[in-house]
């Protein structure tokens, strides 16, 4: 029997193993995979997405070269944090040594924790870890602000960019990474 390894899936693993079934657990969260193994499941570590570079770095590099002209750098994912930090290092800088006038916003605990680990704690984290909450509680009026939003190249929501632009902000949205389905399933 195959199952995902969320709460229900982990319960199913235990119940099915108690009935003598062979259980194949599939998830991308290593903690859940280890827990399922401890319950007797065979686990396939199946990445849902593979994160890689965008088709071209030029737009992101150009925006990062002008960081002193932005008021806010808004991260909606940890992938964006990783990509920006990587590109800043290639330019001889890092988020911890960004221009003093540039504030950081992070959607989500993990995104904020990544910034903290880099020595660049977020200046704003919304109370709920979704883009809608960031918009609702953002600490500044959008009018006249210049915001940089590094994001996934294709797919993803454009809600943040559209809402900030509607509020009068000048928004620069750039591809910082791309996410794709894995090329092949693990053996």
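Numbering (the numbering used here), first residue to last: 122 to 308. For glycine and all other residues, C-beta sits at the position ideal for the given N, C-alpha and C.
Here the C-alpha atom of residue 191 lies approximately 26 Å from the C-alpha atom of residue 172. Cβ contact annotation for residue 231 (same chain, cutoff 6 Å, sequence separation greater than five): 199, in chain order. Look at the beta carbons and you see the region 241-255 not touching the region 263-274: under three pairs across the two are nearer than 8 Å. Our two residues, residue 298 and residue 206, have alpha carbons roughly 12 Å apart in a direct line.
Residue 271 sits buried, since 16 or more C-beta atoms from the chains shown fall within 10 Å of its C-beta.
Taking 4 residues as the minimum length, the alpha helix (DSSP H) runs contained wholly in the region 139-165 are 151-159, in order along the chain.
DSSP places residue 285 in no beta strand (DSSP E) but in the uninterrupted alpha helix (DSSP H) bounded by 280-287. Around the CB of residue 175, 16 or more other CB atoms lie within 10 Å, so the residue is classed as buried.
A Cβ-Cβ contact shorter than 7 Å links residue 162 with residue 134. Within the model, the alpha-carbon separation for residue 144 versus residue 150 is close to 17 Å. Taking a contact as a CB-CB distance under 8 Å, the pair residue 185 and residue 223 does not count as one, their CB atoms being some 11 Å apart.
Going by DSSP, residue 205 is part of the alpha helix (DSSP H) stretching over 199-211. For the set 280, 136, 235, 239, the Cα lying nearest the Cα of residue 256 is the one of 280. Taking the Cα of residue 160 as reference, the smallest distance to any Cα among 180, 216, 137, 170 is reached at 137. Rounded to the nearest angstrom, the gap between the Cα atoms of residue 254 and residue 248 is 7 Å. Residue 300: not part of any alpha helix (DSSP H); member of the beta strand (DSSP E) spanning 291-301, first to last residue. For residue 271, the three-state secondary structure derived from DSSP is strand. Secondary-structure assignment with DSSP links residue 123 through a beta bridge to 145.
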